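Written out below as structure tokens is the structure these notes cover.
There are 2 protein chains.
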Amino acid sequence: MTNGLRGGIDLGGAKVQAVVVDQEHRPLGTARGATPREGGPPAIAEAMTQALGEAARDAGVELSALQGVGACSPGDVDEATGVVTNAANLNGWAGVSFPLAEELGRRLGTTVRVGNDVNMATLGEFRLGAAKPYDSVLGVFWGTGVGGGLILDGKPWTGRGGAGEIGHTVVERHGRRCPCGNHGCMEAYAGRGAMERAAREAHEHGRKTRLFKLMEERGRDRLTSGLWERALDHGDKVAEELMDDAVDALGTAIGSAVNLLDVPAVVLGGGMGIRFAPRVRDDLQRHMLEHLFNKDDPPALLVAELGDLGGAIGAALLVLEGQGSDAAAPAPAT
Amino acid sequence: MTNGLRGGIDLGGAKVQAVVVDQEHRPLGTARGATPREGGPPAIAEAMTQALGEAARDAGVELSALQGVGACSPGDVDEATGVVTNAANLNGWAGVSFPLAEELGRRLGTTVRVGNDVNMATLGEFRLGAAKPYDSVLGVFWGTGVGGGLILDGKPWTGRGGAGEIGHTVVERHGRRCPCGNHGCMEAYAGRGAMERAAREAHEHGRKTRLFKLMEERGRDRLTSGLWERALDHGDKVAEELMDDAVDALGTAIGSAVNLLDVPAVVLGGGMGIRFAPRVRDDLQRHMLEHLFNKDDPPALLVAELGDLGGAIGAALLVLEGQGSDAAAPAPAT
């Protein structure tokens, strides 16, 4: 006797995206809010609650009509308990554990399950998006950092809870320092954050670039993917070089991962991935192929189809799938 | 009414190792032969047959008393059909398919199953050796090249048949050419074959090294792992530098693999791995840790326990486990 409506909330470093979906996973209502930069985890949980409330109003339904809510978060997510630890990019959450599922459940008056953000986005693409035809997939989410998710033989592979860190595949063992502190990680070349630092260094060393002028003109405090796109459209050499290097690093790390796992498909997502896929997909494929041990049968290189809503729609799957760690399990009756 | 005796044959580039094991996987008899350098796959199948015959005599049993035989081979192994394709290092087998299981079965008068060599060695360590306490493991077999095998949640992970190529994890994206033709693979720094080439180049460029003098004195045509050990014992600088670089590359690639898969254990095997583990294990651990994203809970770094017999004992497991691709399946009655 359920209407099959579910809520999904994607907690990101900059924004909270909420969605209400129907039985066919179609978004009936959406809402977006800024991730609070003060107040710590309780303020963030409140912003997530507000966003889902708005999405429900947008869909024209009551929160109490939802069958359940799934959320996804950065950091170390214990999917069994819904506790999120060390979501280092979020205010007040570095080195801290917070019972996110319980807090959201109390505020929303419903059962909430919480999963890891890139795992949920990968699951969304696997179940509903670009990777639907495949039984295994590597998800690569290219944004400020580069996250990864794995589905092997229909089931999320999370290892001991920390698998999927393709951004920290080494591409140059004595190379550039990564935001994580190690050297030569793919993210040190491909992450939007690392690209911005490299652009700033080039600028400080006298290289001409429009990037920071564009940033000022637009009143932004960071080089967004949109600003990178504008600079590339203007033929900015620094932007071109850094983008080429980022795509080289991405393709190299994907090649290494495919050599190890031999998955039939790779899905590229994330803010940078979705924006730049049309422009860089061929180069990415070329760099991946350069490093494949077996070049005869490369994996399909796909682009995420669920777009900005992928994390939230993927998270809403948690309501149907029980534990996020076992996507193949049938849904318990709720 | 079976005695539980099984045969195992490990086909390598230089040698064939055969074993007869009892129900407890203990070797009752062993034999070793050279891998034929002419005559192609039929001659190689005959040498494998001879070696198993000798192992049976060594064990004091008739071949007809064996419950079955498992074999393992380099190249692309179709475990369902026992056909081996493109075992490029073997005489007459490059680009060629050969029904190895069928040919061995005809010669031996018993059912033969064939698996991939590193997968079987990994399975052996997982079921019977160093990785017994774990439910997932990455096997790293360091020899002339560097092969890898994966067991995830108790089952071999072979992807579309070609998984496990950790030797072709990139460690320097614009780096040294690998025997596989790509650039910057770990094997290009760590494989015994690549190390020999690098030593030869250093020697030709005027670096002093005892390596090639030792090779002549011992009447060898290649730098065996034993020769590397002697050179290191003599404090040979070229050997030390190349070994340090090899261990750095191995640790880097293992770190990348652990970041992606978060397995609880890594087993180091292979001729080089077993010989040099006591000497390099700490450095290997250090290089792996340098590249781990999560340094709090590194995987156990284990050394293969089944030694030279690991491949053959692992292959003999195929008799019990049905398809090599599903180690968790119960044995069918035979």
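Top line first, the protein sequences correspond to chains A and B. Mapping to this note's numbering: the first sequence position 244 is 767, numbers consecutive. Mapping to this note's numbering: the second sequence position 84 is 607, numbers consecutive. Quick reminder that beta carbons are idealized off the backbone N, C-alpha and C, glycines included. The model shown is predicted, which means the values in this text are computed figures rather than measured ones.
- Message: Please classify residue 656 (chain A) as buried or exposed, where buried requires at least 16 other C-beta atoms within 10 Å of its C-beta.
- Response: Here residue 656 (chain A) refers to the residue found at position 133 of the first sequence. Residue 656 (chain A) comes out exposed.
- Opening and closing residue of the beta strand (DSSP E) in which residue 538 (chain B) lies: Working through the second sequence from its first residue, we reach residue 538 (chain B) at position 15. Residue 538 (chain B) -> beta strand (DSSP E) spans 538–544.
- Message: Since residue 715 (chain B) and residue 766 (chain B) should fall inside the 8 Å C-beta cutoff, what is the C-beta to C-beta distance between them, to a whole number of angstroms?
- Response: Working through the second sequence from its first residue, we reach residue 715 (chain B) at position 192. Working through the second sequence from its first residue, we reach residue 766 (chain B) at position 243. Not a contact, Cβ separation roughly 11 Å.
- 8 Å Cβ cutoff, residue 786 (chain A) in contact with chain B: Here residue 786 (chain A) refers to the residue found at position 263 when the first sequence is read from its first residue. Taking Cβ atoms only, chain B reaches closer than 8 Å to residue 786 (chain A), which makes this a yes.
- Query: Going by beta carbon distance, what residues of the same chain come within less than 6 Å of residue 609 (chain B), once the five residues before and after it are set aside?
  - Reply: Here residue 609 (chain B) is taken as the residue at index 86 of the second sequence, counted from 1. Cβ within range, chain order: 598, 599, 618.
- Message: DSSP has residue 706 (chain A) in a bridge; who is on the other side?
- Response: If you number the first sequence from 1, residue 706 (chain A) lands on position 183. The partner list for residue 706 (chain A) (beta bridge, DSSP) reads A:700.
- Please work out which residues of its chain come closer than 7 Å, Cβ to Cβ, to residue 658 (chain A), disregarding the five sequence neighbours upstream and downstream, and give them in chain order. Within the first sequence, residue 658 (chain A) is the residue found at index 135, counting from 1. The answer, listed in chain order, is 676, 677.
- Measure the C-alpha to C-alpha separation of residue 571 (chain B) and residue 541 (chain B) and round it to an integer number of angstroms. On the second sequence, residue 571 (chain B) is found 48 positions in, with the first residue counted as 1. On the second sequence, residue 541 (chain B) is found 18 positions in, with the first residue counted as 1. So the alpha carbons of these two residues sit roughly 8 Å apart.
- Message: Measuring only the C-alpha atoms, how far is residue 533 (chain A) from residue 596 (chain A)?
- Response: Looking up residue 533 (chain A) in the first sequence gives position 10. Looking up residue 596 (chain A) in the first sequence gives position 73. For residue 533 (chain A) and residue 596 (chain A), the distance between alpha carbons rounds to 7 Å.
- Task: Using 10 angstroms around the beta-carbon of residue 809 (chain B), count the other beta-carbons present and answer buried if the total reaches 16, otherwise exposed.
- Result: The count along the second sequence starts at 1 and reaches residue 809 (chain B) at position 286. The residue in question, residue 809 (chain B), is exposed, as its Cβ has fewer than 16 Cβ neighbours within 10 Å.
- Task: Check whether the Cβ of residue 616 (chain B) lies closer than 8 Å to any Cβ atom in chain A.
- Result: On the second sequence, residue 616 (chain B) is found 93 positions in, with the first residue counted as 1. Chain A, which has no Cβ nearer than 8 Å to the Cβ of residue 616 (chain B), makes this no.
- Task: Using three-state DSSP, classify residue 763 (chain B) as helix, strand or coil.
- Result: Numbered from 1 along the second sequence, position 240 holds the residue referred to as residue 763 (chain B). Reduced to three states, the DSSP call for residue 763 (chain B) is helix.
- Using DSSP bridges, identify the partner residues of residue 552 (chain B). In the second sequence, counting from the first residue as 1, residue 552 (chain B) sits at position 29. Per DSSP, B:543.
- Neighbour list for residue 688 (chain A) in chain B, Cβ cutoff strictly below 7 Å: Against the first sequence, residue 688 (chain A) aligns to sequence position 165. Within chain B, the residues near residue 688 (chain A) are 782, 783, 816.
- Buried/exposed call for residue 722 (chain A), threshold 16 Cβ in 10 Å: On the first sequence, residue 722 (chain A) is found 199 positions in, with the first residue counted as 1. Answer is buried; the Cβ neighbour count reaches 16.
- Item | residue 601 (chain A): first and last residue of the uninterrupted beta strand (DSSP E) it sits in | Reading the first sequence from its first residue, position 78 is the one you call residue 601 (chain A). Looking at the DSSP string, the run of the beta strand (DSSP E) that includes residue 601 (chain A) is 599–601.
- Message: Among A:744, A:753, A:712, whose alpha-carbon lies nearest the alpha-carbon of residue 732 (chain A)?
- Response: In the first sequence, the residue the question calls residue 732 (chain A) occupies position 209. The shortest Cα separation from residue 732 (chain A) among A:744, A:753, A:712 belongs to A:753.
- Could you please give the first and the last residue of the uninterrupted alpha helix (DSSP H) stretch that includes residue 642 (chain B)? What you label residue 642 (chain B) is simply residue 119 of the second sequence in a count that begins at 1. Its alpha helix (DSSP H) spans residues 640–651.
- So which residues of chain A does residue 693 (chain B) contact, with C-beta pairs closer than 7 Å? For the purposes of this step, residue 693 (chain B) is identified with residue 170 of the second sequence, where counting begins at 1. Ordered by position in chain A, the residues that pass the 7 Å Cβ test against residue 693 (chain B) are 694, 775, 778, 779, 814.
- Message: Measuring alpha carbon to alpha carbon, tell me which residue in B:829, B:576, B:771 is nearest residue 805 (chain B).
- Response: The count along the second sequence starts at 1 and reaches residue 805 (chain B) at position 282. The residue with the shortest Cα to Cα distance from residue 805 (chain B) is B:771.
- When you compare each of B:586, B:745, B:689, B:587 to residue 783 (chain B) by their alpha carbons, which one comes out closest? The count along the second sequence starts at 1 and reaches residue 783 (chain B) at position 260. When only C-alpha atoms are compared, the closest one is B:689.
- Message: Buried or exposed, going by whether 16 or more other CB atoms sit within 10 Å of the CB of residue 728 (chain A)?
- Response: Translated into positions along the first sequence, residue 728 (chain A) becomes position 205. With fewer than 16 Cβ atoms within 10 Å of its Cβ, residue 728 (chain A) is classed as exposed.
- By Cβ distance, which residues of its chain are closer than 7 Å to residue 759 (chain A), with the 5 residues on each side in sequence left out? Position 236 of the first sequence holds residue 759 (chain A). The residues are 732, 733, 734.
- Item | Option in B:590, B:826, B:789, B:750 with minimal Cα separation from residue 840 (chain B) | Residue numbering aside, residue 840 (chain B) sits at position 317 when the second sequence is read from its first letter. Closest option to residue 840 (chain B), Cα to Cα, is B:590.
- Task: Would you mind stating whether residue 646 (chain B) and residue 789 (chain B) have Cβ atoms separated by less than 8 Å?
- Result: For the purposes of this step, residue 646 (chain B) is taken as the residue at position 123 of the second sequence. For the purposes of this step, residue 789 (chain B) is taken as the residue at position 266 of the second sequence. Not a contact, by the Cβ cut-off of 8 Å.
- 6 Å Cβ shell around residue 539 (chain A) - same chain, five flanking residues per side excluded: If you number the first sequence from 1, residue 539 (chain A) lands on position 16. Correct list, in chain order: 556, 558, 570, 571, 574.
- Task: Using a Cβ-Cβ cut-off of less than 7 Å, give me the residues of the segment 699–710 of chain A that come near chain B, in sequence order.
- Result: 703, 705
- Query: Under a three-way DSSP split, which group does residue 822 (chain A) fall into?
  - Reply: Counting from 1 along the first sequence, the entry for residue 822 (chain A) is found at position 299. The answer is coil: DSSP assigns residue 822 (chain A) none of H, G, I, E or B.
- Given a cut-off of 8 Å, decide if residue 775 (chain A) and residue 696 (chain B) are closer than it, judged by their beta-carbon atoms. For the purposes of this step, residue 696 (chain B) is taken as residue 173 along the second sequence, with counting starting at 1. For the purposes of this step, residue 775 (chain A) is taken as residue 252 along the first sequence, with counting starting at 1. Yes, these two residues count as a Cβ contact at 8 Å.
- Item | Contact under 8 Å by Cβ, residue 669 (chain B) with residue 718 (chain B) | Stepping through the second sequence from its first residue, residue 669 (chain B) is reached at position 146. Stepping through the second sequence from its first residue, residue 718 (chain B) is reached at position 195. No.
- Simplified DSSP state of residue 678 (chain B), which is helix, strand or coil: For the purposes of this step, residue 678 (chain B) is identified with residue 155 of the second sequence, where counting begins at 1. Strand, per DSSP.
- Strand pairing of residue 661 (chain A), partner residues [DSSP]: For this step, residue 661 (chain A) is matched to residue 138 along the first sequence. Note: residue 661 (chain A) sits in a beta bridge opposite A:673, A:789.
- Message: Buried or exposed, going by whether 16 or more other CB atoms sit within 10 Å of the CB of residue 785 (chain A)?
- Response: Within the first sequence, residue 785 (chain A) is the residue found at index 262, counting from 1. Buried, since its Cβ has 16 or more Cβ neighbours within 10 Å.
- Message: Quick check on the burial criterion: 16 or more other C-beta atoms within 10 angstroms. Buried or exposed for residue 602 (chain A)?
- Response: By one-based count along the first sequence, residue 602 (chain A) stands at place 79. By the neighbour-count rule (16 or more Cβ atoms within 10 Å), residue 602 (chain A) is buried.
- Item | C-beta contact flag for residue 641 (chain B) and residue 682 (chain B) at 8 Å | Taking the first residue of the second sequence as position 1, residue 641 (chain B) is located at position 118. Taking the first residue of the second sequence as position 1, residue 682 (chain B) is located at position 159. Their beta carbons are not under 8 Å apart, which means residue 641 (chain B) does not touch residue 682 (chain B) by this criterion.
- Whole angstroms is fine: what's the gap from residue 544 (chain A)'s alpha carbon to residue 528 (chain A)'s? If you number the first sequence from 1, residue 544 (chain A) lands on position 21. If you number the first sequence from 1, residue 528 (chain A) lands on position 5. Using only the alpha carbons, I get a separation of about 6 Å.
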